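Okay, so the sequence shown: first residue is 665 according to this note's numbering, each after it adds one.
In what follows, a structure is listed as structure tokens, so that the remarks can point back to it.
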Amino acid sequence: MRNGIEALVGEEGVVSRAIPGSIHLGQVHARGEDWPALSAYGDPIVEGAVVLVIEVENGHLMVVPSGA
665 MRNGIEALVG EEGVVSRAIP GSIHLGQVHA RGEDWPALSA YGDPIVEGAV VLVIEVENGH
725 LMVVPSGA
């Protein structure tokens with residue numbers, strides 16, 4: 665069983681601060697908290713977009729647009 669941030673893999677969240685790409689952090693709101701996030705494919709993701717957490721790397725959520 666995964667705990668903490670690792671438990672978010674496979675979950676959807678909403679971008680609460682735009683994610684400029686794979687180098688600069690944004691934020692994703694998931695399970696009632698904001699988490700630091702990066703775009704897994706390097707594409708910018710706008711605030712309000714629904715995203716899927718595909719992995720956790722160095723304490724950051726790696727996300728893709730939901731349905732991608």
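From the three backbone atoms N, C-alpha and C, an ideal C-beta is built for every residue, glycine too.
Predicted, not measured: the structure shown is a model, and the values here were computed from it.
Would you mind sorting residue i into buried or exposed? The rule is 16 or more other CB atoms within 10 Å of its CB.
i, result
"residue 703", "buried"
"residue 677", "buried"
"residue 709", "buried"
"residue 687", "exposed"
"residue 731", "exposed"
How close, in whole Å, do the beta carbons of residue i and residue j come, if the pair is a contact with beta carbons under 8 Å?
i, j, result
"residue 638", "residue 720", "Lying before the first or after the last residue shown, residue 638 is absent from the chain, which here runs from 665 to 732."
For residue i, which residues of its own chain have a beta-carbon under 7 Å away from its beta-carbon, when the five flanking residues on both sides are left out?
i, result
"residue 745", "Residue 745 is absent from the model: the chain starts at 665 and stops at 732."
"residue 681", "690, 691, 711"
Can you list, in chain order, the residues of its chain with a C-beta nearer than 8 Å to that of residue i? Leave out the 5 residues immediately preceding and following it.
i, result
"residue 672", "694, 695, 699, 717, 720, 725"
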